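Colleague:
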Amino acid sequence: MAKDPDDKRDSGLSDSARRSFLKGLALTGGAGAAMAAGGAWGGNTLSDTFADFFQQHYQRMTEDEILDTVARIERKAKRRYGVELQCENTPPQKGVVFGYAINVSKCRGYRDCVHACVKENNLSRDTQYIRVIEMDRDDTDLHHGDHYYDRAEVPADGKYYLPMQCMHCDNPPCVKACPVEATWTEPDGIVVVDYDWCIGCRYCMTACPYQARHFNWGAPDLPPEEINTQTHYLGNRPRPKGVVEKCHFCVQRTRKGRQPACQEACPTGARIFGNLLDPNSEIRYVLEHKAVFRMKEDLGTEPKFWYFRDE
Amino acid sequence: MSNLACRLVLCLLACTLGFQSAGAADPSAENKAAEADVDLGGSDDWDWGAVSAMDDAPVIAPSAGAGRRALEEYVPPAEVENALPDFDVPPREAYAIFDGVPPFEVIPSQRDPGMHPCSNCHQWVKSNLEVRDLKRPHDRFKLEHGLHGKGKFWCFTCHDLEGAGGLKTLEGEKLEFNDAYLLCSQCHSRQARDWAYGAHGKRVSGWQGKRQVLNCTACHYQHRPAFKPRQPKPGPNIRMGLERPAHWVARGQRPSPDHGNHESWKEAQHELEPVGGQDAEADDRVIPKGQGDGERS
Chain A
11 MAKDPDDKRD SGLSDSARRS FLKGLALTGG AGAAMAAGGA WGGNTLSDTF
61 ADFFQQHYQR MTEDEILDTV ARIERKAKRR YGVELQCENT PPQKGVVFGY
111 AINVSKCRGY RDCVHACVKE NNLSRDTQYI RVIEMDRDDT DLHHGDHYYD
161 RAEVPADGKY YLPMQCMHCD NPPCVKACPV EATWTEPDGI VVVDYDWCIG
211 CRYCMTACPY QARHFNWGAP DLPPEEINTQ THYLGNRPRP KGVVEKCHFC
261 VQRTRKGRQP ACQEACPTGA RIFGNLLDPN SEIRYVLEHK AVFRMKEDLG
311 TEPKFWYFRD E
Chain B
3 MSNLACRLVL CLLACTLGFQ SAGAADPSAE NKAAEADVDL GGSDDWDWGA
53 VSAMDDAPVI APSAGAGRRA LEEYVPPAEV ENALPDFDVP PREAYAIFDG
103 VPPFEVIPSQ RDPGMHPCSN CHQWVKSNLE VRDLKRPHDR FKLEHGLHGK
153 GKFWCFTCHD LEGAGGLKTL EGEKLEFNDA YLLCSQCHSR QARDWAYGAH
203 GKRVSGWQGK RQVLNCTACH YQHRPAFKPR QPKPGPNIRM GLERPAHWVA
253 RGQRPSPDHG NHESWKEAQH ELEPVGGQDA EADDRVIPKG QGDGERS
């Protein structure tokens with residue numbers, strides 16, 4: 011979110027006092043780091059460790075603080091993985107609310123989207139945001155579905171495939187469950203997580219009826235040569251251990267007008283992404299002309315993620 | 003030395019923790035910050051006073067809470083950063099047979115548009131117009147297109163062998179290979195309609211900016227348009243404790259003991275038990291027939 015520099019929201023102490031205090035800390039820390047042995051701060055410098063500790067909530071940071079934070083994330087990635095990362099803070103576009111539609115008749119269960127997502131979003135190689143559920147024909151009970159399916163060939167006879175990921179609900183139960191407001195809805199409708207503010211309590215995972223959220227039990231297992239260096243603060247930057255993460259509609263791509271990685275990877279064109287406020291967009295055509303349904307609609311979560319089929 | 007550094011750090015941490023909690027203790031400042039954070043646009047026109055005044059009617063609050071956003075008309079930005087590749091294809095203003103199709107560009111085929119291998123020979127050799135099983139050198143064009151049109155559907159339904167070669171419609175209009183969608187839409191009108199408006203096919207490059215879509219033949223091989231089944235990429239790891247037993251049956255397909263399936267259900271259970279190998283020990287656990295369900299006899 012773009013921050014107005016005048017829009018300083020102090021929490022008790024004046025900002026300048028706080029900043030000079032932090033600066034003093036950083037200087038002391040730099041001296042300390044020079045003296046201490048290399049790995050004493052988990053591969054971090056003392057000043058960065060302190061700055062991490064006092065980092066504000068993303069929505070409360072000023073523009074300068076965000077730039078500092080983003081630069082620190084890039085430094086940390088350089089130290090940890092040895093890659094030149096570019097961490098951005100692209101604000102949402104005005105007049106855009108993202109929506110997604112999936113053509114269930116076209117999905118053939120190849121899982122290309124799943125793996126494109128893993129690569130694009132720097133996921134730990136044991137985590138997948140998208141789950142493709144193999145369902146029996148004439149059956150809509152998700153309990154009967156199987157997302158571990160492993161076959162010689164898909165689609166299998168008598169099955170259909172239902173990809174599920176974060177639905178970016180307009181009334182998100184995960185946001186309500188978070189005790190520290192580390193997750194919220196952005197103006198373009200993307201439900202994001204501030205990974206540095208998350209305390210890892212996993213209440214949101216329990217609250218989510220779509221099991222869309224994933225927890226980093228360990229530090230992400232990321233081969234450095236496969237890291238995607240185009241990252242966003244709220245999106246695919248490397249995550250710390252012990253925080254919750256989930257699909258963010260590829261915020262690093264979609265805010266610049268590109269398609270999300272799963273849409274780009276889909277070999278059958280089952281995925282349709284676009285701006286819900288644009289009457290000429292593909293997604294609006296689908297919503298207006300197809301029989302669409304949403305997952306677990308009775309819960310009132312208002313997902314911005316629709317399913318439809320060819321008539 | 004490191005001991006000293008640790009003490010220094012602990013001391014600093016302690017004093018700054020106090021500093022943080024003092025800051026967070028002021029609830030009015032927090033509330034102010036929270037209010038200012040919700041900036042979803044268009045929140046002014048929602049009159050909460052009027053809503054709470056309607057006591058008799060059940061009130062359903064809007065889903066996004068106080069920051070409900072108005073559905074404003076979307077004006078795409080003049081410049082989009084997404085650096086779309088330029089294919090040098092004139093955008094079609096409209097797809098004539100459908101109303102109000104947003105302008106689009108069809109991504110051209112990667113092949114050389116001037117290369118028509120049919121005409122390499124058939125400008126010298128007369129074509130055999132008879133419908134037959136294709137032998138060499140034509141066997142690679144095995145036609146598996148058209149479930150209903152088998153036998154009636156032939157090379158010259160779509161190909162034009164006069165002149166330089168290329169495509170022709172049923173009415174005889176000549177088409178370039180890059181205009182194949184016009185040819186396909188003669189029969190597949192429903193798909194063509196969805197494709198034109200964006201519900202079929204695929205928009206590449208971006209959701210914003212120039213609308214660049216794939217041609218039919220980018221995804222469907224024209225002589226065998228159905229997608230081939232293939233092996234899926236690997237699925238998620240099975241979490242510890244959730245591994246499936248060897249004779250796993252999906253929950254919906256398990257025989258239920260309440261529906262008169264006692265015999266088969268017991269057999270299924272016996273099948274599950276000998277996991278380590280079927281030796282004497284495993285056989286001992288099999289309940290002799292008639293003993294387990296004595297109450298039924």
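For the record, the sequence lines run as chains A and B.
Letter 271 of the first sequence, counting from 1, is numbered 281 in my numbering, and no numbers are missing.
Letter 48 of the second sequence, counting from 1, is numbered 50 in my numbering, and no numbers are missing.
For glycine and all other residues, C-beta sits at the position ideal for the given N, C-alpha and C.
These figures come from a predicted structure and were not determined experimentally.
In chain order, what residues of the same chain have a beta carbon less than 6 Å from the beta carbon of A/D206, not counting five sequence neighbours either side?
Modeller: Residue numbering aside, residue 206 of chain A sits at position 196 when the first sequence is read from its first letter. Same-chain partners within the cutoff: Q65.
Colleague: Give me the chain B residues within the contact set of A/R121, using Cβ-Cβ distance strictly less than 8 Å, ordered along the chain.
Modeller: Looking up residue 121 of chain A in the first sequence gives position 111. Neighbours of A/R121 on chain B, chain order: P234, K235, P236, G237.
Colleague: Kindly indicate if chain B contains any beta-carbon less than 9 Å away from that of A/N226.
Modeller: Working through the first sequence from its first residue, we reach residue 226 of chain A at position 216. Cβ-Cβ to chain B under 9 Å: no for A/N226.
Colleague: Please report whether the beta-carbon of A/R159 lies at a distance below 9 Å from any beta-carbon of chain B.
Modeller: Taking the first residue of the first sequence as 1, we reach residue 159 of chain A at position 149. Residue identity differs from the one stated: residue 159 of chain A is Tyr in this sequence, not Arg. A/Y159 counts as touching chain B.
Colleague: Closer than 9 Å by beta-carbon distance: list the chain B residues that pair up with A/H300, in chain order.
Modeller: As a working note, residue 300 of chain A is residue 290 in the first sequence. Checking the sequence, you will find Lys at residue 300 of chain A rather than His. Residues of chain B passing the Cβ test: D196, A201.
Colleague: Taking just the CA atoms, how far does A/E298 sit from A/F315?
Modeller: As a working mapping, residue 315 of chain A is identified with position 305 in the first sequence. As a working mapping, residue 298 of chain A is identified with position 288 in the first sequence. If I take the Cα positions, the gap works out to 14 Å.
Colleague: With 9 Å as the threshold, decide whether the Cβ of A/D320 is near any Cβ in chain B.
Modeller: As a position in the first sequence, residue 320 of chain A is number 310, starting the count at 1. By this cut-off, A/D320 is an interface position.
Colleague: Can you find the residues in the same chain that come closer than 7 Å, C-beta to C-beta, to A/K251, ignoring five residues on each side of it along the sequence?
Modeller: Here residue 251 of chain A refers to the residue found at position 241 of the first sequence. So the list reads N226, G228, A229, once near-sequence residues are dropped.
Colleague: If you follow the beta strand (DSSP E) that A/P173 is part of, which residue opens it and which one closes it?
Modeller: Counted from its first residue, the first sequence places residue 173 of chain A at position 163. Taken as a continuous stretch (DSSP letters only), the beta strand (DSSP E) holding A/P173 covers 169-174.
Colleague: Measuring only the C-alpha atoms, how far is B/P231 from A/D160?
Modeller: As a position in the second sequence, residue 231 of chain B is number 229, starting the count at 1. As a position in the first sequence, residue 160 of chain A is number 150, starting the count at 1. Going from the Cα of B/P231 to the Cα of A/D160 covers about 13 Å.
Colleague: Can you tell me the Cβ-Cβ gap for A/G168 and A/D146, rounded? I've got them flagged as a contact below 8 Å.
Modeller: Looking up residue 168 of chain A in the first sequence gives position 158. Looking up residue 146 of chain A in the first sequence gives position 136. Contact flag correct, Cβ pair sits at about 6 Å.
Colleague: Using DSSP's beta-bridge definition, name the partner residues of A/T195.
Modeller: Taking the first residue of the first sequence as position 1, residue 195 of chain A is located at position 185. Paired residue(s): A/V201.
Colleague: Taking 9 Å as the threshold (C-beta atoms), are A/R141 and B/P238 in contact?
Modeller: As a position in the second sequence, residue 238 of chain B is number 236, starting the count at 1. As a position in the first sequence, residue 141 of chain A is number 131, starting the count at 1. Going by C-beta atoms, B/P238 is nearer than 9 Å to A/R141.
Colleague: Apart from the five residues just before and just after A/M215, which ones in its own chain have a Cβ nearer than 7 Å to its Cβ?
Modeller: Looking up residue 215 of chain A in the first sequence gives position 205. Within the same chain, A/M215 has close Cβ partners R223, F225, V254.
Colleague: Indicate whether at least one CB of chain A lies closer than 9 Å to the CB of B/V108.
Modeller: In the second sequence, counting from the first residue as 1, residue 108 of chain B sits at position 106. No - not a single Cβ of chain A is within 9 Å of the one on B/V108.
Colleague: What does A/H125 touch in chain B if you count any residue whose Cβ is under 9 Å from its own?
Modeller: Position 115 of the first sequence holds residue 125 of chain A. In chain order: K235, P236.
Colleague: Compare the beta carbon distance of B/V103 and B/Y199 with 9 Å and say whether it is the shorter of the two.
Modeller: For the purposes of this step, residue 103 of chain B is taken as residue 101 along the second sequence, with counting starting at 1. For the purposes of this step, residue 199 of chain B is taken as residue 197 along the second sequence, with counting starting at 1. Yes. Within cutoff.
Colleague: In the DSSP output, which residue or residues are listed as bridge partners for A/A222?
Modeller: In the first sequence, residue 222 of chain A corresponds to position 212, counting from 1. According to DSSP, A/A222 bridges with nothing at all.
Colleague: With a threshold of 9 Å between beta carbons, is A/V142 in contact with chain B?
Modeller: Here the question's residue 142 of chain A lines up with position 132 in the first sequence. Chain B, which has a Cβ nearer than 9 Å to the Cβ of A/V142, makes this yes.
Colleague: Quick check: is the beta carbon of B/Q210 nearer than 9 Å to any beta carbon in chain A?
Modeller: Your numbering for residue 210 of chain B matches position 208 in the second sequence. Chain A, which has a Cβ nearer than 9 Å to the Cβ of B/Q210, makes this yes.
Colleague: Tell me whether the beta-carbon of B/C221 lies closer than 9 Å to the beta-carbon of A/P277.
Modeller: The sequence position of residue 221 of chain B within the second sequence is 219, counting from 1. The sequence position of residue 277 of chain A within the first sequence is 267, counting from 1. Going by C-beta atoms, B/C221 is nearer than 9 Å to A/P277.
Colleague: Can you give the beta carbon distance from B/D182 to B/T159, rounded, assuming they're within the 8 Å contact cut?
Modeller: One-based indexing of the second sequence puts residue 182 of chain B at position 180. One-based indexing of the second sequence puts residue 159 of chain B at position 157. Strictly speaking, residue 182 of chain B in this sequence is Ala, with Asp absent from that position. Incorrect: roughly 13 Å between the Cβ atoms, too far for contact.
Colleague: Taking Cβ-Cβ distances shorter than 7 Å, what residues in chain A pair up with B/P231?
Modeller: Against the second sequence, residue 231 of chain B aligns to sequence position 229. Chain A residues near B/P231: E163, V164, P165.
Colleague: Tell me which residues share the same chain as B/L184 and place their Cβ nearer than 8 Å to its Cβ, disregarding the 5 neighbours each side in the sequence.
Modeller: In the second sequence, counting from the first residue as 1, residue 184 of chain B sits at position 182. Same-chain partners within the cutoff: T171, L177.
Colleague: Mapping DSSP to helix, strand and coil, what is A/H242?
Modeller: On the first sequence, position 232 is the one that residue 242 of chain A refers to. A/H242: strand per DSSP, three-state reduction.
Colleague: Which whole runs of the beta strand (DSSP E) in the segment 252-315 of chain A are 3 residues long or more, in chain order?
Modeller: The qualifying runs are 281-285.
Colleague: Count the CB pairs spanning the segment 79-95 of chain A and the segment 181-196 of chain A that are closer than 8 Å, and state whether there are at least three.
Modeller: Flag = no, the segment 79-95 of chain A and the segment 181-196 of chain A do not touch.
Colleague: Determine, using beta carbons only, whether B/R301 comes closer than 9 Å to chain A.
Modeller: Here chain B has residues from 3 to 299 only, and residue 301 of chain B is not among them.
Colleague: Here's the rule: buried if 16 or more other CB atoms are within 10 angstroms of the residue's CB, otherwise exposed. What is A/H153?
Modeller: One-based indexing of the first sequence puts residue 153 of chain A at position 143. Exposed: under 16 other Cβ atoms inside 10 Å.
Colleague: Can you tell me which of the three DSSP states A/V107 falls into?
Modeller: Indexing the first sequence from 1 puts residue 107 of chain A at position 97. A/V107: coil per DSSP, three-state reduction.
Colleague: In angstroms, rounded to a whole number, what distance separates the CA positions of A/D231 and A/I76?
Modeller: Stepping through the first sequence from its first residue, residue 231 of chain A is reached at position 221. Stepping through the first sequence from its first residue, residue 76 of chain A is reached at position 66. When rounded, the distance between both Cα atoms is 26 Å.
Colleague: Does the beta-carbon of A/G199 have 16 or more other beta-carbons within 10 angstroms, so that it is buried, or is it exposed?
Modeller: Taking the first residue of the first sequence as 1, we reach residue 199 of chain A at position 189. It counts as buried.
Colleague: Of the residues A/M305, A/K129, A/Y220, which one's Cα is nearest the Cα of A/F318?
Modeller: For the purposes of this step, residue 318 of chain A is taken as residue 308 along the first sequence, with counting starting at 1. Selected option, being the one with the closest Cα: A/M305.
Colleague: Report all residues from its chain with a CB closer than 7 Å to the CB of A/E130; omit the five preceding and five following residues, and keep chain order.
Modeller: If you number the first sequence from 1, residue 130 of chain A lands on position 120. Excluding positions up to five away in sequence, the list reads N238, N246, C260, A271.
Colleague: In angstroms, rounded to a whole number, what distance separates the CA positions of A/D122 and A/P165?
Modeller: By 1-based counting over the first sequence, the position of residue 122 of chain A is 112. By 1-based counting over the first sequence, the position of residue 165 of chain A is 155. Each residue's alpha carbon lies about 13 Å from the other.
Colleague: For B/Q193, report the span of its beta strand (DSSP E) as first-last.
Modeller: The residue labelled residue 193 of chain B in the question sits at position 191 within the second sequence. Segment 191-199 is the alpha helix (DSSP H) holding B/Q193; no beta strand (DSSP E) there.
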